[in-house]
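As they're listed, the protein sequences go chains A and B.
Under our numbering, the letters of the first sequence match residues 7 to 651, in that order.
Under our numbering, the letters of the second sequence match residues 528 to 684, in that order.
Quick notes on the structure that follows.
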Amino acid sequence: MKKIIDLFLGKKYYSLSSLDEKIQYISSMIILTIVVFPLVFLGTTMIGQSSIRVAFDFTLAGLCLIFALLVRTILPVRYSAYFPITAFGVYCLYLLYEGTRGAWPASWTMAFPILSIYLTNITFGVISSSVVLAGMWVFLLSPWQLGFYNIGGAYLSAQFRVEDPILSTRFFIVYLLIFIITVIYNRIIAYKNKQEKLLSQDLVYERNTIKTMKDNMNLGIFLMDKNLTIQPEYSQQLLTILSKYNEKLDGKNFLDIIGSSLSTKQINIMMGYFDMIFQKSRSLEVLAEANPLSEFEYKVDDRTKYLSAKFNLIEQDEESVYILSILEDITQQKEYAQEFEERKREQEAEMKDLFDVIQINPMIFEDFIETVETNFEDINSALKNELLSSKEIVTKLFQSIHAIKSNATILGLDNFASILHNFESEIKLILNKSEINEEDVFSLTLKLDSIMKEKDRYQDILSKLNQFKSKSDIATILKSQLEKAVAKISQELSKIVNLNVIELNSEVLETKLRKPIKEILLQFIRNSINHGIKTQGELKVSVKQVDNTVVVDYSDNGKGLDYTKLKEKYLKLYPGSEPTKSQLSQLIFRPEVSTANTVSTIAGRGVGLSLVKDLVSQYKGKLSFGSSEKGLIFKIVFPILHEKV
Amino acid sequence: MEQYIKPFIEVCESTFENFCKSKVSPGRAFFEEKNKYENNWDISGVIGLSGEAQGAVAISLSSETALKITSILTGESHTHLDDFVLDAIGEIINIIAGNVKKNLEETFKLKISLPTIIKGAAHKVVWPSEKTRIVCVPFTIFNSQQFCLSVAIDPNK
Numbered sequence: 007m008k009k010i011i012d013l014f015l016g017k018k019y020y021s022l023s024s025l026d027e028k029i030q031y032i033s034s035m036i037i038l039t040i041v042v043f044p045l046v047f048l049g050t051t052m053i054g055q056s057s058i059r060v061a062f063d064f065t066l067a068g069l070c071l072i073f074a075l076l077v078r079t080i081l082p083v084r085y086s087a088y089f090p091i092t093a094f095g096v097y098c099l100y101l102l103y104e105g106t107r108g109a110w111p112a113s114w115t116m117a118f119p120i121l122s123i124y125l126t127n128i129t130f131g132v133i134s135s136s137v138v139l140a141g142m143w144v145f146l147l148s149p150w151q152l153g154f155y156n157i158g159g160a161y162l163s164a165q166f167r168v169e170d171p172i173l174s175t176r177f178f179i180v181y182l183l184i185f186i187i188t189v190i191y192n193r194i195i196a197y198k199n200k201q202e203k204l205l206s207q208d209l210v211y212e213r214n215t216i217k218t219m220k221d222n223m224n225l226g227i228f229l230m231d232k233n234l235t236i237q238p239e240y241s242q243q244l245l246t247i248l249s250k251y252n253e254k255l256d257g258k259n260f261l262d263i264i265g266s267s268l269s270t271k272q273i274n275i276m277m278g279y280f281d282m283i284f285q286k287s288r289s290l291e292v293l294a295e296a297n298p299l300s301e302f303e304y305k306v307d308d309r310t311k312y313l314s315a316k317f318n319l320i321e322q323d324e325e326s327v328y329i330l331s332i333l334e335d336i337t338q339q340k341e342y343a344q345e346f347e348e349r350k351r352e353q354e355a356e357m358k359d360l361f362d363v364i365q366i367n368p369m370i371f372e373d374f375i376e377t378v379e380t381n382f383e384d385i386n387s388a389l390k391n392e393l394l395s396s397k398e399i400v401t402k403l404f405q406s407i408h409a410i411k412s413n414a415t416i417l418g419l420d421n422f423a424s425i426l427h428n429f430e431s432e433i434k435l436i437l438n439k440s441e442i443n444e445e446d447v448f449s450l451t452l453k454l455d456s457i458m459k460e461k462d463r464y465q466d467i468l469s470k471l472n473q474f475k476s477k478s479d480i481a482t483i484l485k486s487q488l489e490k491a492v493a494k495i496s497q498e499l500s501k502i503v504n505l506n507v508i509e510l511n512s513e514v515l516e517t518k519l520r521k522p523i524k525e526i527l528l529q530f531i532r533n534s535i536n537h538g539i540k541t542q543g544e545l546k547v548s549v550k551q552v553d554n555t556v557v558v559d560y561s562d563n564g565k566g567l568d569y570t571k572l573k574e575k576y577l578k579l580y581p582g583s584e585p586t587k588s589q590l591s592q593l594i595f596r597p598e599v600s601t602a603n604t605v606s607t608i609a610g611r612g613v614g615l616s617l618v619k620d621l622v623s624q625y626k627g628k629l630s631f632g633s634s635e636k637g638l639i640f641k642i643v644f645p646i647l648h649e650k651v
Numbered sequence: 528m529e530q531y532i533k534p535f536i537e538v539c540e541s542t543f544e545n546f547c548k549s550k551v552s553p554g555r556a557f558f559e560e561k562n563k564y565e566n567n568w569d570i571s572g573v574i575g576l577s578g579e580a581q582g583a584v585a586i587s588l589s590s591e592t593a594l595k596i597t598s599i600l601t602g603e604s605h606t607h608l609d610d611f612v613l614d615a616i617g618e619i620i621n622i623i624a625g626n627v628k629k630n631l632e633e634t635f636k637l638k639i640s641l642p643t644i645i646k647g648a649a650h651k652v653v654w655p656s657e658k659t660r661i662v663c664v665p666f667t668i669f670n671s672q673q674f675c676l677s678v679a680i681d682p683n684k
């Protein structure tokens, strides 16, 4: 059957693109073929009666056949009917002209508007039908029948007449009616087609838009029916996400596809979950919350992807209930998150180390680094010493690591200490073995490298910190140190003391004099708050550069030197002598003398001002001081040291 | 660290056994210290390592050892550190680095540089990197002579 249809349609049918053309093609062929039969039949019956009609019939049949064949090959579809229709029109006109002979064959004319408009197009159809209409009026109704008759000459006159005017009128009106109705019908159909075309254009546009969106979103979107079978309209991305590149997924079971990545238990859970969705027994929030596949590992082609799935019930009507599923590849997010976590952990560890280091005095820390290095060198020398046995080496290693660990623990370098602790335990394990071989020594030796790397890291932190510190203002630091000391000491002694810093020259503080100046000022402050100031007072400090010297001025507004007490002490040292005020004053710089009665951490050890004296002489400075009831004044002049720290 | 250094030692042993027909035995490894000159090496062959790990491998020998090794390889006797000796030492370090590269291929991909030969009395091979310490493995060859295989390797993270 299909073969017959194919044979009838011909190759051309399949090359036509628009539906309109296809319909016109088929109908042209059918009509042009079918009309051949009545034409041939009628033509045959006319033989002997009217040679003109015989000729017309056969010519028309021939034309129809020729064009029915031509349209199958080269002729454009819309031109196929022009010739047969034109010929038919002429034939109609002839029949009309011929009048009532026989059984009014002119009634064929009634078919003309329909065929002409349908087979050609509206313009040609209307024109040709109008021509026939005009002919009909001329031949059947016009008052100028005779005129025409005259023009036509004697040849036409013989058969031209109207036998029954009423019948002619009816004939004319019926033709007109058919003509008009055909035109109206044609127009309605044309309008309908136009609207449909617009509608379908909208639909195609909409469909393309949705498809584009669907295929370009990085989501695998698909529908599943009650059997969890994937429906045909899924997004292309689904294939990529599931790594099923050249496969068709429609008709496949969703759980079969991801099943290999899930345990049996998980699959059962999933089936229960889908049941829950279909039964609508839970609210959407609960379902979203309970989704077992909100994040899952999908194993395919030796690699693991992290996918996230969402499911929603879609109900179109009672019959078609689907689960809309959205699958997303979250592998990258997941990896980023893991990387981020790792970074965060690293950073936290680094911060912890930094914090640990900050709390340690840099000098002490440098000592620690040196200790680590010395121990490392000790171990290395031991390794090079071929006379030592494996056991001796490992013992040496244990001792050194233990020493470093103790140091790290004291300094509060928790991370380093724990690394060292682990290493120490490892060494201990080997030490406990009955026999230690060179392999053990080798592997422990190489592990030492990671300890040293850790040391390098701390060293890095320290040097970074030092860079940072030197950038902040050295004078501000000293000022705050002095202020802190004043606050602390005065608070402990319940006194109210105000520190007035007049000047702290930064350039001076950048030299090696910073440390002694700081130390000296701290001693002065201790001394003043402890001995000079009763309950309330003020201290003045200034460090400045005058020509080639550094001048440190210090004063308090306390009670000044207690000469009575000093004299007592002096007499204890040199019994029976009669000291001058100046001799008594010098006494305060002697290490063993303190006028305080009790020893506290702040004062009373008698080292404070003696330390000042030592420092001044160490840095080749000159110290002078004055005492009155209004307070003490110290002035120290150092030669400038250009060498920076 | 251990898994990266070990192949060097094993390959060094087999290289000398296969090419010089001499048995070598590794001693106790230690760390090379930059500022100490304890050994009197006369010639060293160095090859840089790059790729998925950074580092270098070097062999350092006294001229006596180098000459003896070259004599075994060439079949002629050599009296001073001539081009043959330089070539021989370069070849040995090249074989060692090449074989290690092959052995470590599954762990990481290494690229090796052309060998560089350093000649001179009491020289020392150091690397500027602060982080990677050089592990020195002393070897005994010809019963009493010594040479040193220095390795520094730092796998990229």
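Every residue gets a Cβ at the ideal spot worked out from N, C-alpha and C, and that includes glycine.
- Chain B has a Cβ within less than 8 angstroms of the Cβ of A:S449.
- Here A:L617 carries a helix assignment [DSSP, helix/strand/coil].
- A straight line joining the alpha-carbon of A:L48 with that of A:T115 spans about 15 angstroms.
- Boundaries of the beta strand (DSSP E) harbouring B:Q672: Q672 to P682, taken from the DSSP string.
- B:A679 places its beta carbon less than 8 angstroms from that of B:A583.
- By the CB criterion at 8 angstroms, A:S396 and A:I442 fall inside the cutoff.
- Nearest C-alpha to B:P642 among B:I623, B:K636 and B:L588: B:I623.
- For the 8 angstroms CB-CB criterion, A:V547 and A:I508 form a contact.
- Counting C-beta pairs with one atom in each stretch, the segment 532 to 540 of chain B and the segment 555 to 567 of chain A have fewer than three that are closer than 8 angstroms, which means they do not touch.
- Annotation for A:C98: the continuous alpha helix (DSSP H) segment containing it runs Y88 to E104.
- Restricting attention to A:I526, A:S424 and A:S496, the CA atom closest to the CA of A:H537 is found in A:S496.
- Secondary structure remark: continuous alpha helix (DSSP H) runs of at least 4 residues inside the segment 243 to 313 of chain A, in chain order: 243 to 247, 260 to 265, 270 to 285 and 290 to 296.
- Between B:I586 and B:I620, the C-beta spacing is below 8 angstroms.
- In the DSSP secondary-structure assignment, A:I120 is not bridged to any residue.
- By the C-beta density criterion, A:K540 is exposed, having fewer than 16 other C-beta atoms within 10 angstroms.
- If you draw a straight line from the Cα of A:S469 to the Cα of A:E489, it is about 27 angstroms long.
- Between B:A593 and chain A, the shortest Cβ-Cβ separation is not below 8 angstroms.
- Taking a Cβ-Cβ cut-off of 7 angstroms, B:I586 has no neighbours in chain A, whose nearest Cβ is about 18 angstroms from it.
- Of all residues in the segment 299 to 328 of chain A, none is placed with a Cβ closer than 9 angstroms to any Cβ belonging to chain B.
- In this structure, A:I247 keeps its C-beta atom at 8 angstroms or more from the C-beta atom of A:L261.
- Taking a beta-carbon distance threshold of 8 angstroms, B:F669 does not count as an interface residue toward chain A.
- Going by C-alpha positions, A:K550 is about 17 angstroms away from A:K626.
- Beta-bridge partners of A:Y328 (DSSP): A:I320.
- The beta carbons of A:V77 and A:E27 sit about 11 angstroms from each other, so the pair does not count as a contact at 8 angstroms.
- The beta-carbon of A:L403 is placed no less than 8 angstroms from the nearest beta-carbon of chain B.
- Around the beta carbon of B:K636, fewer than 16 other beta carbons lie within 10 angstroms, which makes this residue exposed.
- For the segment 628 to 644 of chain B, the set of residues with a beta-carbon nearer than 8 angstroms to any beta-carbon of chain A is empty.
- A:E544: not part of any alpha helix (DSSP H); member of the beta strand (DSSP E) spanning Q542 to V552, first to last residue.
- Boundaries for A:M223: no alpha helix (DSSP H) harbours it, and the DSSP string shows neither H nor E there.
- Interface flag for B:A556 against chain A is set, since a Cβ pair is found closer than 8 angstroms.
- Here DSSP, grouped into helix, strand and coil, assigns A:M7 to coil.
- Cβ neighbours of A:I407 within its own chain (closer than 7 angstroms, five residues either side excluded): L426, F429, E430 and I433.
- If you compare the alpha carbons of A:S300, A:S266 and A:T586 with that of A:Y279, the shortest gap goes to A:S300.
- Listed along chain A, the residues sitting closer than 9 angstroms to B:V662 by beta-carbon distance are T451, L452 and D455.
- Taking 8 angstroms as the cut-off, the beta carbon of B:F666 is found no closer than this to the beta carbon of B:G572.
- For B:I680, the closest Cβ of chain A is not nearer than 8 angstroms.
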